[in-house]
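The sequence shown begins at 1482 in our numbering and counts up by one.
Each remark here refers to the structure printed beneath this line.
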Amino acid sequence: MEGNKYVKLTKNNAPDGQHHWFPIDWVRAIDERAVYLKKTVDEVAAELLNEQPTGA
């Protein structure tokens, strides 16, 4: 988590080796193996934030 509104993908967890952020409201569910999102892979790829969001 980054603040209380965004999830941060660290560069080790991102396919391009860069940090990315997405809003917590994209999260559908979480279990011991994964975080499941409400968006498709294509939507996530198009909408991921490449810079730390203001207020995060």
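The C-beta atom is built at its ideal place from N, Cα and C for all residues, glycine as well.
### Query
According to DSSP, is alanine 1543 helix, strand or coil?
Only positions 1482 to 1537 of the chain appear in the structure, and residue 1543 is not among them; the question remains open.
### Message
Ignoring anything shorter than 4 residues, give me the alpha helix (DSSP H) runs that lie fully in the stretch 1482 to 1531, in order along the chain.
### Response
Every unbroken stretch of the alpha helix (DSSP H) spanning 4 or more residues and falling wholly within the stretch 1482 to 1531 is given here in chain order: 1522 to 1528.
### Task
Could you check if tyrosine 1487 is buried or exposed, using at least 16 other CB atoms within 10 Å of its CB as the buried criterion?
Taking the sequence shown and counting its residues from 1, the one referred to as residue 1487 is at position 6. Looking at its Cβ environment, which holds 16 or more other Cβ atoms inside 10 Å, tyrosine 1487 is buried.
### Query
Alpha carbon to alpha carbon, what distance is there between valine 1516 and threonine 1535?
Taking the first residue of the sequence shown as position 1, residue 1535 is located at position 54. Taking the first residue of the sequence shown as position 1, residue 1516 is located at position 35. Taking the straight line joining both Cα atoms gives about 23 Å.
### Task
Look at the alpha carbon of aspartate 1512 and the alpha carbon of asparagine 1485, and state the distance between them as a whole number of angstroms.
Here residue 1512 refers to the residue found at position 31 of the sequence shown. Here residue 1485 refers to the residue found at position 4 of the sequence shown. Spanning the two alpha carbons is a distance of roughly 19 Å.
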